[in-house]
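Engineer:
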Amino acid sequence: MKKHLLLLLLTAGLFACKKKKTEIPVITTPDYKKAESLLNVKPDSAFYYFNKVATSASDSLLIARAYNRMAAIQSDAGDYFGSQETLLASLKYLDEQKEKDFYCLSADYNELGGTSLSLKNYDAALDYYNHTLKFTKDSGFKQICLNNKALVYQKKRDYPRAIEIYDSIIININKGKNDKKEYARVLSNRARTKWLQDSAYQAGPELLTALQIRKDSQDYWGQNASYAHLSDYYAHVHPDSALIYANKMYAIARHLNSPDDELEALQKLMLLGPPQQFQQYFTRYQYLSDSIQTARNTAKNQFALIRYDAEKNKAENLKLQKENSEKRVQIIKQYVVIGGVIGLMIFAAIVAAGWYRKRKQQLEWETQNRIREHQLKTSQKVHDVVANGLYRIMTEVEYQPEIEKESLLDKIDLMYKRSRNISYELSEPSAEDFQTEITRLLKSFATDTTKVSTVVKDEIHWDRMKDQAKREVEYILQELMVNMRKHSSASNVVIRFEQSGNQASIHYADDGVGLPSEYSPGNGLTNTGNRIRNINGKITFDTNLKKGLKIQISFPIS
1240 MKKHLLLLLL TAGLFACKKK KTEIPVITTP DYKKAESLLN VKPDSAFYYF
1290 NKVATSASDS LLIARAYNRM AAIQSDAGDY FGSQETLLAS LKYLDEQKEK
1340 DFYCLSADYN ELGGTSLSLK NYDAALDYYN HTLKFTKDSG FKQICLNNKA
1390 LVYQKKRDYP RAIEIYDSII ININKGKNDK KEYARVLSNR ARTKWLQDSA
1440 YQAGPELLTA LQIRKDSQDY WGQNASYAHL SDYYAHVHPD SALIYANKMY
1490 AIARHLNSPD DELEALQKLM LLGPPQQFQQ YFTRYQYLSD SIQTARNTAK
1540 NQFALIRYDA EKNKAENLKL QKENSEKRVQ IIKQYVVIGG VIGLMIFAAI
1590 VAAGWYRKRK QQLEWETQNR IREHQLKTSQ KVHDVVANGL YRIMTEVEYQ
1640 PEIEKESLLD KIDLMYKRSR NISYELSEPS AEDFQTEITR LLKSFATDTT
1690 KVSTVVKDEI HWDRMKDQAK REVEYILQEL MVNMRKHSSA SNVVIRFEQS
1740 GNQASIHYAD DGVGLPSEYS PGNGLTNTGN RIRNINGKIT FDTNLKKGLK
1790 IQISFPIS
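Note that the numbering used here has the sequence shown beginning at 1240, numbered continuously upward.
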């Protein structure tokens, strides 16, 4: 239902910005109209044209609307942090004292509420939804916002407040026009919330009533939500019924071409279905999950490149305009002063122009190479610092019986500082006791089913290595442990450290599934190979084992 929620928020945002358009006219441009025509067909192309409007238009409200559309596209693609950044840019062009800006203000805050909800930042989501209600005049959009607000309280397990909001929405619906779709949505959400509050609550009749209304009105997205609620409700009391509704959700999710809902349905089928079908569901789930993640990562990179190219072209155009202006002034002065040698000056100008074009092409080629190198380096750092760091924290949180808040905050703060340093090319000093630091890193990947042991056969003289080299060793070990957790299914992992002369060795061994014969390294292990070369080391994989994996890493100390 995740994609359904994003589509609902996008629709609400568009509705809020367009409401009473005849009363408050907004200037549009050909690029803006073209972007809107591509919004539901080619979102990436729509993003490109909205970005052109945002970076070139003079009307502040039009710029804010363009940023709002861009943020909705990013949110739908799963780029929640990028969406929030774009929404904050939109808010800079709006004035909370001007009524003509209220509709886009409500759209921006509603979208910020949705991204915060998706990121599980519930307090921020509530604050944004309260701002949305402050600037919303339309009663229908208010009900949508209130339903979103109630959902946040449900996620926070503050069920009484969520139920109170649902009750108020139903009262308003009954007083106003008979909106069956809205009534069914609120009825189903309220019944689910009451059941979550009290597992003995008989939510079945209300859930089935909501489903029937949605069937009668051919509300397929609503039916998808109803089947999810019914499957969850019957999971423990009537597993057969729960399986039926899970299958119906799976069918309608595929009909709607909603991969997120299909993933949710597959999770239910793996839990409820017969054991012989588990592998089938799991294979489809893994394939779909990887495809979604790949598509979203591609979209995030594409959005960033579109904005980067726009800024780069704008800067280059300004530079060329300045250079051309200066050149024209120079030519005029020379023409006035040395009128008798016009032919010579023209020849010199032609030669200079040819040299300028050649030099410009060379500079552009060098600039593009530097950009590509910087992007590759930044991508490697983001993978090691943010992705693997976050995965390490997730692993510790998942398998620790009790979570120490201060310790968790310290780790998140460290990852935050490291991620900030990426853009500044800063390198942080390593801990004085580096062996203890990396031992703690390795131990953090231990779980109830995976034992991680470290052995120091001969103590390595880490103090002879530079901080950057030690940090490379840390990222290499982190990448190996992340790959172990994701792919090996190992029960025991042993890492042994030893030093012989000026050469340090790290031996890794596990009893997992090992490497398949057709295995090719992904981005993570490719980065690992690059890092090992950076410290003049080498890595060796033992592929002759029937089970498990052995890896040897060696590198000079100084």
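Backbone N, C-alpha and C fix where the C-beta goes; we use that ideal spot for every residue, glycine too.
Could you tell me whether the stretch 1475 to 1491 touches the stretch 1459 to 1467, where touching means 3 or more Cβ pairs closer than 8 Å?
Structural biologist: Yes, they touch.
Engineer: Between which residues of its own chain and S1322 is the CB-CB distance below 6 Å, once the five residues before and five after are set aside?
Structural biologist: Locating residue 1322 in the sequence shown gives position 83, where the first residue counts as 1. Around S1322: A1310, Q1313, S1314 and T1354.
Engineer: Mind checking E1445: buried by the 16 CB within 10 Å criterion, or exposed?
Structural biologist: Here residue 1445 corresponds to residue number 206 of the sequence shown, with the count starting at 1. With 16 or more Cβ atoms within 10 Å of its Cβ, E1445 is classed as buried.
Engineer: My assumption, with CB atoms under 8 Å, is that A1305 sits in contact with Y1271. Please give the rounded CB distance.
Structural biologist: As a position in the sequence shown, residue 1305 is number 66, starting the count at 1. As a position in the sequence shown, residue 1271 is number 32, starting the count at 1. Correct: roughly 7 Å between the Cβ atoms.
Engineer: Hey, out of N1496, G1443 and S1497, whose CA is closest to D1471's CA?
Structural biologist: For the purposes of this step, residue 1471 is taken as residue 232 along the sequence shown, with counting starting at 1. Checking every option, the nearest Cα to that of D1471 belongs to G1443.
Engineer: Name the residue from V1712, S1739 and K1690 whose alpha carbon lies nearest to the alpha carbon of R1724.
Structural biologist: Numbered from its first residue, the sequence shown carries residue 1724 at position 485. Of the candidates V1712, S1739 and K1690, the one whose C-alpha sits nearest the C-alpha of R1724 is K1690.
Engineer: A1464 lies in the alpha helix (DSSP H); which residues open and close that run?
Structural biologist: The count along the sequence shown starts at 1 and reaches residue 1464 at position 225. Residues Y1459 to Y1473.
Engineer: Using the C-alpha atoms, what's the distance from D1318 back to K1789?
Structural biologist: One-based indexing of the sequence shown puts residue 1789 at position 550. One-based indexing of the sequence shown puts residue 1318 at position 79. Cα-Cα distance, rounded: 37 Å.
Engineer: In whole angstroms, what separates the C-alpha of Q1600 from that of G1593?
Structural biologist: On the sequence shown, residue 1600 is found 361 positions in, with the first residue counted as 1. On the sequence shown, residue 1593 is found 354 positions in, with the first residue counted as 1. Rounded to the nearest angstrom, the two C-alpha atoms are 11 Å apart.
Engineer: Please state the DSSP three-state secondary structure of K1597.
Structural biologist: Mapped onto the sequence shown, residue 1597 falls at position 358. K1597: helix per DSSP, three-state reduction.
Engineer: Compute the beta-carbon to beta-carbon distance between I1452 and A1423, rounded to the nearest angstrom, for a pair I have assumed lies under 8 Å.
Structural biologist: The count along the sequence shown starts at 1 and reaches residue 1452 at position 213. The count along the sequence shown starts at 1 and reaches residue 1423 at position 184. 4 Å between Cβ atoms; contact.
Engineer: By a C-beta neighbour count over all protein chains shown, 10 Å radius and 16 as the cutoff for buried, is A1389 buried or exposed?
Structural biologist: Locating residue 1389 in the sequence shown gives position 150, where the first residue counts as 1. Its Cβ being crowded by 16 or more others within 10 Å, A1389 is buried.
Engineer: Return yes when the Cβ of L1385 is within less than 8 Å of the Cβ of I1404, no when it is not.
Structural biologist: The residue you call residue 1404 lines up with position 165 of the sequence shown. The residue you call residue 1385 lines up with position 146 of the sequence shown. Yes, the Cβ-Cβ distance between I1404 and L1385 is below 8 Å.
Engineer: At the level of alpha carbons, what is the spacing between T1765 and T1779?
Structural biologist: Residue mapping note: residue 1765 aligns to position 526 of the sequence shown, counting from 1. Residue mapping note: residue 1779 aligns to position 540 of the sequence shown, counting from 1. Cα to Cα, T1765 sits roughly 13 Å from T1779.
Engineer: Is S1530 helix, strand or coil by DSSP?
Structural biologist: Indexing the sequence shown from 1 puts residue 1530 at position 291. Correct three-state label for S1530: helix.
Engineer: Where W1604 and S1728 are concerned, what is the direct C-alpha to C-alpha distance, given to the nearest angstrom?
Structural biologist: The count along the sequence shown starts at 1 and reaches residue 1604 at position 365. The count along the sequence shown starts at 1 and reaches residue 1728 at position 489. Distance between the alpha carbons of W1604 and S1728 is about 46 Å.
Engineer: In this structure, does DSSP put E1671 in helix, strand or coil?
Structural biologist: Taking the sequence shown and counting its residues from 1, the one referred to as residue 1671 is at position 432. In the structure shown, E1671 sits in coil (DSSP, three-state: anything other than H, G, I, E or B).
Engineer: Look at the alpha carbon of D1340 and the alpha carbon of A1481, and state the distance between them as a whole number of angstroms.
Structural biologist: What you label residue 1340 is simply residue 101 of the sequence shown in a count that begins at 1. What you label residue 1481 is simply residue 242 of the sequence shown in a count that begins at 1. Taking the straight line from one Cα to the other gives about 47 Å.
Engineer: For I1263, name the three-state secondary structure that DSSP assigns.
Structural biologist: Here residue 1263 corresponds to residue number 24 of the sequence shown, with the count starting at 1. Low confidence applies here, because I1263 scores a pLDDT of 48, under 50, leaving its location unreliable; read the following figure in that light. It is coil, neither helix nor strand.
Engineer: Can you list, in chain order, the residues of its chain with a C-beta nearer than 6 Å to that of L1247? Leave out the 5 residues immediately preceding and following it.
Structural biologist: Within the sequence shown, numbered from 1, the residue matching residue 1247 stands at position 8. For L1247, the predicted structure reports a pLDDT of 40, less than 50, and the residue's modelled location is therefore unreliable. The matter cannot be settled from this model.
Engineer: Using alpha carbons as the reference points, say which of Q1738, E1676 and R1679 lies closest to H1700.
Structural biologist: The residue you call residue 1700 lines up with position 461 of the sequence shown. With distances taken between Cα atoms, H1700 lies closest to Q1738.
Engineer: Does DSSP put Y1332 in a helix, a strand or coil?
Structural biologist: Numbered from 1 along the sequence shown, position 93 holds the residue referred to as residue 1332. In the structure shown, Y1332 sits in coil (DSSP, three-state: anything other than H, G, I, E or B).
Engineer: In or out: E1262 buried (at least 16 other Cβ within 10 Å) or exposed?
Structural biologist: Within the sequence shown, residue 1262 is the residue found at index 23, counting from 1. Model confidence at E1262 stands at a pLDDT of 39, short of 50, so the residue's coordinates are unreliable; what they give is reported in the following sentence. Exposed: under 16 other Cβ atoms inside 10 Å.
Engineer: Should the stretch 1367 to 1374 be regarded as contacting the stretch 1345 to 1352, the criterion being three or more beta carbon pairs within less than 8 Å?
Structural biologist: They touch, by the three-pair rule.
Engineer: My output table needs one value for R1453: the three-state DSSP class, helix, strand or coil.
Structural biologist: Mapped onto the sequence shown, residue 1453 falls at position 214. Looking at R1453 - three-state DSSP - the assignment turns out to be helix.
Engineer: Can you tell me whether I1792 is buried or exposed, with buried defined as 16 or more other CB within 10 angstroms of its CB?
Structural biologist: Here the question's residue 1792 lines up with position 553 in the sequence shown. Per the 10 Å Cβ criterion, buried.
Engineer: Have a look at I1585, P1755 and I1409 and flag the residue whose alpha-carbon is nearest the alpha-carbon of K1786.
Structural biologist: Numbered from 1 along the sequence shown, position 547 holds the residue referred to as residue 1786. Ranking the options by Cα distance to K1786, first place goes to P1755.
Engineer: Taking N1773 as the reference, which of I1796, V1752, I1545 and Y1524 has the closest Cα?
Structural biologist: As a working mapping, residue 1773 is identified with position 534 in the sequence shown. It is I1796 whose Cα lies nearest to the Cα of N1773.
Engineer: At the level of alpha carbons, what is the spacing between D1781 and G1751?
Structural biologist: Numbered from its first residue, the sequence shown carries residue 1781 at position 542. Numbered from its first residue, the sequence shown carries residue 1751 at position 512. Their backbone Cα atoms lie some 13 Å apart in a straight line.
Engineer: Quick one, are the C-beta atoms of L1435 and Y1398 less than 8 Å apart?
Structural biologist: As a first step, residue 1435 is located in the sequence shown; it is residue number 196 there, counting from the start. As a first step, residue 1398 is located in the sequence shown; it is residue number 159 there, counting from the start. Contact flag set, yes.
Engineer: In three-state DSSP terms, what is S1322?
Structural biologist: Numbered from its first residue, the sequence shown carries residue 1322 at position 83. S1322: helix per DSSP, three-state reduction.
Engineer: Just how far apart, CA to CA, sit N1783 and I1771?
Structural biologist: For this step, residue 1783 is matched to residue 544 along the sequence shown. For this step, residue 1771 is matched to residue 532 along the sequence shown. C-alpha separation (whole angstroms): 23 Å.
Engineer: Starting from F1794, trace the beta strand (DSSP E) both ways and give me its first and last residue.
Structural biologist: The residue labelled residue 1794 in the question sits at position 555 within the sequence shown. Segment L1788 to P1795, the beta strand (DSSP E) holding F1794.
Engineer: Buried or exposed: where does G1776 fall if 16 or more other Cβ atoms within 10 Å of its Cβ makes it buried?
Structural biologist: Residue 1776 sits at position 537 when you count from the first residue of the sequence shown. Flag for G1776 reads buried.
Engineer: Tell me whether T1686 sits in a helix, a strand or coil according to DSSP, three-state version.
Structural biologist: Residue numbering aside, residue 1686 sits at position 447 when the sequence shown is read from its first letter. Here T1686 sits in coil by DSSP.
Engineer: Is the separation between the beta-carbon of K1734 and that of Y1714 shorter than 8 Å?
Structural biologist: Here residue 1734 refers to the residue found at position 495 of the sequence shown. Here residue 1714 refers to the residue found at position 475 of the sequence shown. Residue identity differs from the one stated: residue 1734 is Ile in this sequence, not Lys. No; because the gap between Cβ atoms is not below 8 Å, this pair is not in contact.
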